[in-house]
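Enquirer: The sequence shown maps to residues 1 to 214 in this note's numbering.
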Amino acid sequence: MRITAHELKTPIASMLGLVEGMIYNVGEFKDHETYLKKCRDILQEQSQLVCSILEATNLDLSLKVKQERVDLKELIEQYLTPYEALTKVHSYQFIVNLEPVWVSLNSTYFVKAIKNLLDNAFRYTKEGGAIRVSLTEHYLRIENQAEHLPDKEELDKLFLPFYRPDFSRAKEDGGTGVGLYLVKQILEKQGFCYRLEQEKEFLQFTIWFVDPLD
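Next comes the structure, spelled out in structure tokens:
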């Protein structure tokens, strides 16, 4: 709760400053249209953050829902259309290779994990770079040709709640810092092994359906 309060304190203080400036028509804050839009953007960002926090908080209860065997290929394909549209905007290479695989899981939360991983892949891929999604009977792998490749120490920190490296904070849409923490919680509570690592110029996230050491 202390970390959550800290993350919300700064944007709330910032918005209060904007509102007070508009109320008293101080300098540039007389331009209400511009600064009301800034307030709206801050509220939207914090709303997204609060939703992510609530999802993480509710995981213990939600993951008690009965797991079932699902066709993971079919499940993933249902959510690829928005990402395929992004490839045209940014000239990405989106390479998808999915084998038919049946896996026991909580589909509602597993989809949230996949969407978080895909969001990150598209958010941090360099212009014209490649994003690859591979599904085999052994693993699901999402990898992207990243703008920035974190070192090993920073890779581990990416799973901490609210951690955002400098390259993320510098982006207009740099996420909330909760996405990978949520992914970690979802996968661990369903018993999946996973790894985030560098592979040449790619950042690679792998989820195994069997123990990779077997």
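All residues carry an ideal CB built from backbone N, CA and C; glycine is no exception.
(1) Taking all protein chains shown into account, do 16 or more other C-beta atoms lie within 10 angstroms of the C-beta of glutamate 28, making it buried, or fewer, making it exposed?
(2) Within 10 angstroms of the Cβ of leucine 135, are there 16 or more other Cβ atoms? Answer buried if so, exposed if not.
(3) Within this structure, are the beta carbons of isoleucine 131 and leucine 118 separated by less than 9 Å?
(4) Within the same chain, show all residues whose beta-carbon is closer than 6 Å to that of tyrosine 35, passing over the 5 residues directly before and after it, in chain order.
(5) For a test of the three-state rule: what should DSSP assign to glutamate 99, helix, strand or coil?
(6) Name the residue from Phe94, Leu98, Lys66, Lys88 whose alpha carbon lies nearest to the alpha carbon of glutamate 74.
(7) Determine the burial state of arginine 169: buried for a count of at least 16 other Cβ atoms within 10 Å of its Cβ, exposed for fewer.
(8) What number of angstroms, rounded off, separates the C-alpha of arginine 195 from the C-alpha of asparagine 25?
Expert: Looking at the coordinates:
(1) For the purposes of this step, residue 28 is identified with residue 28 of the sequence shown, where counting begins at 1. Glutamate 28 counts as exposed, since fewer than 16 other beta carbons sit within 10 angstroms of its beta carbon.
(2) Stepping through the sequence shown from its first residue, residue 135 is reached at position 135. Leucine 135 should be labelled buried.
(3) Here residue 131 is taken as the residue at index 131 of the sequence shown, counted from 1. Here residue 118 is taken as the residue at index 118 of the sequence shown, counted from 1. Between isoleucine 131 and leucine 118, the gap from beta carbon to beta carbon is short of 9 Å.
(4) One-based indexing of the sequence shown puts residue 35 at position 35. These residues qualify, in order along the chain: Leu18, Met22, Phe29.
(5) Counted from its first residue, the sequence shown places residue 99 at position 99. Coil.
(6) Residue numbering aside, residue 74 sits at position 74 when the sequence shown is read from its first letter. With distances taken between Cα atoms, glutamate 74 lies closest to Leu98.
(7) Within the sequence shown, residue 169 is the residue found at index 169, counting from 1. Note on arginine 169: pLDDT 48, under 50, position unreliable in the model; the coordinate value appears next. Counting Cβ neighbours within 10 Å, arginine 169 comes out exposed, since fewer than 16 surround it.
(8) For the purposes of this step, residue 195 is taken as the residue at position 195 of the sequence shown. For the purposes of this step, residue 25 is taken as the residue at position 25 of the sequence shown. Roughly 52 Å between the two C-alpha positions.
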